[in-house]
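Report on one structure; see the data block that follows.
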């Protein structure tokens, strides 16, 4: 009897493996391609154009002054989504270091300079990946340069993923500043 | 292309100068009027060509930009390593009075911990993470080397985590190796640079033996029942705690990674429910046999919470363990253990400090004012159980220790923290029992920790 029970129990690992084999797989590092993200950001767009700009020394100074720190990036690409002659908005892709490795994410900005959406395209570290959750990223919607966009102020932190939260928040601010210098009007910046 | 444009501009300019230099009578003749029309047509044609060239140039520039973006993306993937090395280090200074139970320590610098993390993403769905701790280590040597008093310089070298993840889906993944036990939240987030106070709570040392690691295998995952909520879980089968309980808690019962004293596996798990980002309630459970014969159970439950309201953060944990028939083994082992802590953190940074050395050039420097109460209570065979906080009411063999801490810390950047705290302790050990940690001592602790 006992032997029968033991033999029966020996089947459970096989059962688990069989069940798991039916689960659709997930990727750990790459969540969306740039193309998929642009489709998400500009639904119904008739065209999406990319414009890469080499910042002039004055523009670079302006970006650094607005962010309050040195910025190495000299070239920035903004995508613009159009529906006919109607400009839907802007989007840009940034890489910011989380703890050790870069987090790649796309920031969408409406023609008025407010964040429409943020999505993580690639998260490469083994810890702190909670920042890719949509419920966390929704916090950035509607933010503009007049907002703090800082952990613990208007962005709720995630314990154990603090550096990633900080990096994404800084990246969103950076995207807005680049947008403002290239396409927008200067708004008072909150610190 | 540039040469063509120059030639074109040059010819148009020369033509115009030539026309302007012609005598007026010559220009006014009918034959000359025809020539003028012809010239206008030619100029228009050339202008059209110029516009086409410009458009072609713009298209080429756009193609170059796209190629540059593609190169940048490829480069990021190429230069991004598939592994990372990091960790943290901490140094502590404490000064406690002796108190009536002698739990004091006078002015000690303690190079608490040096931790190295090595992690690797072997594949998008396979990853590895490890944490190796050098606690108070100044020398690592084999016993054979027997220099004078080497043991006085020795510390502890410990693998705190070393596991492999096989990712299947958000809601279910496999983890195996040396695992941090998901019992309460503190054990999972115990790093010095993450915590706002230097000392760990009593419950996280005497009841939950943080840092608590065991070899095992299990599942973890998360799912989102609604758009704003999240449920996460970890559940593992491990070797389990051993029968080396002590009158001061479960710390000595932590197992090795290579043996199981009773060949009876333990199940441990935690489920966290987060209705909104930043808020979470967790429930944990532990069940397994602890004695060498595998006849007696050690079972535990724990609850933890994290609530954030603006700059205010409320965190805490409660844990309880029941030891079945402990009197069979020893009357010096606790029959049950329980403890809790509740902590409030207020994050702030005064604007007038922004341009001082505390704020200059830092993006988000932060001060945190911290208050914590907590305690642990161990009941021994032959006495009715008491709850932590009932010091003075103990009628038999139990030991209850309580602690109140008030502290302030400063983080110039998130990875670095300077902490200072005052700590009050109170205890009431029963006959023949010793205090759990610091007895009745009062003291100060300062520390700094840096994650890298």
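Protein chains in written order, with my numbering: chain A, 236 to 426; chain B, 227 to 678.
Beta carbons: idealized from backbone N, C-alpha and C, even for Gly.
Keep in mind that this is a model prediction, so the values were computed, not measured.
Practice prompt. Could you spell out the range, first to last residue, of the alpha helix (DSSP H) harbouring residue 344 of chain B?
Written response: Along the second chain, one-based indexing puts residue 344 of chain B at 118. Not the alpha helix (DSSP H): residue 344 of chain B falls in the beta strand (DSSP E), residues 334-349.
Worksheet entry | CB of residue 528 of chain B within 8 Å of CB of residue 599 of chain B, strictly | Along the second chain, one-based indexing puts residue 528 of chain B at 302. Along the second chain, one-based indexing puts residue 599 of chain B at 373. No, they are not a contact pair.
Item to complete: Would you verify that the beta carbon of residue 450 of chain B is, or is not, closer than 8 Å to some beta carbon of chain A?
Response: Counting from 1 along the second chain, the entry for residue 450 of chain B is found at position 224. It does: the Cβ of residue 450 of chain B has a partner Cβ on chain A nearer than 8 Å.
Item to complete: Determine the direct distance from the alpha carbon of residue 446 of chain B to that of residue 501 of chain B, and round the result to whole angstroms.
Response: The residue you call residue 501 of chain B lines up with position 275 of the second chain. The residue you call residue 446 of chain B lines up with position 220 of the second chain. C-alpha separation (whole angstroms): 19 Å.
Discussion item. Is it buried or exposed, residue 262 of chain B, if we count other Cβ atoms within 10 angstroms and call 16 or more buried?
Written reply: Position 36 of the second chain, counted from the start, is the residue given in the question as residue 262 of chain B. Residue 262 of chain B should be labelled exposed.
Fill in: Per-residue burial, residue 643 of chain B [other beta carbons within 10 Å of its own, 16 or more giving buried]
Here residue 643 of chain B refers to the residue found at position 417 when the second chain is read from its first residue. Residue 643 of chain B is buried by the Cβ-count criterion.
Discussion item. By the three-class DSSP mapping on this structure, what secondary structure does residue 397 of chain A have?
Written reply: The count along the first chain starts at 1 and reaches residue 397 of chain A at position 162. Residue 397 of chain A falls in the helix class under three-state DSSP.
Item to complete: Mark residue 412 of chain B as exposed unless 16 or more other C-beta atoms lie within 10 angstroms of its C-beta, in which case mark it buried.
Response: For the purposes of this step, residue 412 of chain B is taken as residue 186 along the second chain, with counting starting at 1. Classification for residue 412 of chain B: buried.
Worksheet item: So residue 625 of chain B and residue 656 of chain B are in contact, right, with Cβ under 8 Å, and what is the actual spacing, rounded?
Response: Within the second chain, residue 625 of chain B is the residue found at index 399, counting from 1. Within the second chain, residue 656 of chain B is the residue found at index 430, counting from 1. About 6 Å separates the two Cβ atoms, so the contact holds.
Item to complete: Assign residue 420 of chain A to one of three DSSP states: helix, strand, or coil.
Response: Stepping through the first chain from its first residue, residue 420 of chain A is reached at position 185. If DSSP states are grouped into helix, strand and coil, residue 420 of chain A belongs with coil.
Worksheet item: Does the beta carbon of residue 416 of chain B come closer than 8 Å to any beta carbon on chain A?
Response: The residue labelled residue 416 of chain B in the question sits at position 190 within the second chain. It does not: the Cβ of residue 416 of chain B has no partner Cβ on chain A nearer than 8 Å.
Discussion item. I need the DSSP call for residue 616 of chain B, collapsed to helix, strand or coil.
Written reply: Counting from 1 along the second chain, the entry for residue 616 of chain B is found at position 390. Reliability of the predicted coordinates at residue 616 of chain B is poor, the pLDDT of 46 falling under 50, and no value is obtained from them.
Item to complete: Kindly indicate if chain B contains any beta-carbon less than 8 Å away from that of residue 334 of chain A.
Response: By one-based count along the first chain, residue 334 of chain A stands at place 99. Interface residue, yes.
Fill in: Among B:664, B:360, B:346, B:572, the one whose alpha carbon lies nearest that of residue 337 of chain B
In the second chain, residue 337 of chain B corresponds to position 111, counting from 1. Ranking the options by Cα distance to residue 337 of chain B, first place goes to B:360.
Item to complete: Report yes or no: is there a C-beta of chain B within less than 8 Å of the C-beta of residue 406 of chain A?
Response: Your numbering for residue 406 of chain A matches position 171 in the first chain. Not one chain B Cβ lies under 8 Å of residue 406 of chain A.
Item to complete: Alpha carbon to alpha carbon, how far is residue 623 of chain B from residue 660 of chain B? Give it in angstroms, no decimals.
Response: The sequence position of residue 660 of chain B within the second chain is 434, counting from 1. The sequence position of residue 623 of chain B within the second chain is 397, counting from 1. Cα to Cα, the separation comes out at about 11 Å.
Discussion item. Output needed for residue 546 of chain B: all residues of its chain with C-beta closer than 8 Å, excluding positions within five of it in sequence on either side, in chain order.
Written reply: The sequence position of residue 546 of chain B within the second chain is 320, counting from 1. Closer than 8 Å at the Cβ level, and outside the excluded window around residue 546 of chain B, lie 433, 526, 527, 528, 562, 563, 564.
Discussion item. Under 8 Å, CB to CB, which of the residues in the region 358-371 of chain A have a partner in chain B?
Written reply: 359, 360, 361, 362, 368, 369, 370, 371
Worksheet item: So is residue 261 of chain B in contact with chain A if we call contact Cβ pairs under 8 Å?
Response: The residue you call residue 261 of chain B lines up with position 35 of the second chain. Not closer than 8 Å to any Cβ of chain A, the Cβ of residue 261 of chain B fails to qualify, so no.
Worksheet entry | Neighbour flag for residue 381 of chain A against chain B, beta carbons, 8 Å | Within the first chain, numbered from 1, the residue matching residue 381 of chain A stands at position 146. For residue 381 of chain A, the answer is no, since every Cβ of chain B falls outside 8 Å of its Cβ.
Practice prompt. Just tell me which of A:364, A:296, A:277 has its CA closest to the CA of residue 266 of chain A.
Written response: As a first step, residue 266 of chain A must be located in the first chain, where it is residue number 31. The candidate whose alpha carbon is nearest that of residue 266 of chain A is A:364.
Discussion item. I'd like the list of long-range same chain contacts for residue 399 of chain B, defined as Cβ closer than 8 Å, with 5 residues on each side in sequence excluded.
Written reply: Counting from 1 along the second chain, the entry for residue 399 of chain B is found at position 173. Excluding residues within five positions, the ones whose Cβ falls inside 8 Å are 391, 392, 393, 445, 446, 447.
Fill in: Cβ distance (whole Å) where residue 572 of chain B is taken to contact residue 607 of chain B below 8 Å
The count along the second chain starts at 1 and reaches residue 572 of chain B at position 346. The count along the second chain starts at 1 and reaches residue 607 of chain B at position 381. No, residue 572 of chain B and residue 607 of chain B are not in contact; Cβ-Cβ is about 43 Å, not under 8 Å.
Worksheet entry | Unbroken beta strand (DSSP E) run spanning residue 184 of chain B, endpoints | This structure cannot speak to residue 184 of chain B, because chain B is shown only from 227 to 678.
Worksheet item: Using a beta-carbon distance below 8 Å, is residue 240 of chain A in contact with chain B?
Response: If you number the first chain from 1, residue 240 of chain A lands on position 5. Because residue 240 of chain A sits at a pLDDT of 47, beneath the cut-off of 50, its placement in the model cannot be relied upon, and the point is left open.
Worksheet item: Beta-carbon of residue 589 of chain B versus every beta-carbon of chain A: anything under 8 Å?
Response: For the purposes of this step, residue 589 of chain B is taken as the residue at position 363 of the second chain. Yes, residue 589 of chain B counts as interfacial toward chain A.
Worksheet item: Can you list, in chain order, the stretches of the alpha helix (DSSP H) that have 4 or more residues and sit fully within the region 444-503 of chain B?
Response: none
Discussion item. Give me the subset of the region 645-659 of chain B whose CB atoms are less than 7 Å from a CB atom of chain A, sorted by chain position.
Written reply: none
Worksheet entry | residue 564 of chain B - partner residues in DSSP beta bridges | The residue labelled residue 564 of chain B in the question sits at position 338 within the second chain. Per DSSP, B:546, B:603.
Worksheet item: Given that residue 355 of chain B touches chain A, what residues does it touch there, using C-beta distances under 8 Å?
Response: Numbered from 1 along the second chain, position 129 holds the residue referred to as residue 355 of chain B. Under the 8 Å cutoff, chain A gives 361, 362.
Worksheet item: Could you give the C-beta distance for residue 404 of chain B and residue 439 of chain B, rounded to a whole number, given that I count them as a contact under 8 Å?
Response: By one-based count along the second chain, residue 404 of chain B stands at place 178. By one-based count along the second chain, residue 439 of chain B stands at place 213. Right, their Cβ atoms sit about 5 Å apart.
Worksheet entry | Within-8 Å CB hit, residue 289 of chain A to chain B | Counting from one through the first chain, the residue named residue 289 of chain A turns up at place 54. Output row for residue 289 of chain A: interface = no.
Worksheet item: Just reading off the beta strand (DSSP E) that residue 648 of chain B is part of, what are its end residues?
Response: Walking along the second chain from the start, residue 648 of chain B turns up at place 422. Looking at the DSSP string, the run of the beta strand (DSSP E) that includes residue 648 of chain B is 642-653.
Worksheet item: What in chain B is Cβ-close to residue 419 of chain A, meaning under 7 Å?
Response: On the first chain, residue 419 of chain A is found 184 positions in, with the first residue counted as 1. The contacting residues do not exist; residue 419 of chain A stays about 21 Å from chain B at best.
Item to complete: Return the chain-ordered list of same chain residues with a C-beta closer than 7 Å to the C-beta of residue 405 of chain A, the five sequence neighbours on each side being excluded.
Response: Reading the first chain from its first residue, position 170 is the one you call residue 405 of chain A. Only 331 meet the Cβ criterion.
Discussion item. Shorter than 7 Å, the distance from the beta carbon of residue 408 of chain A to the closest heavy atom of the ligand FAD, or not?
Written reply: What this structure holds is no ligand at all, so the ligand FAD is not there to describe.
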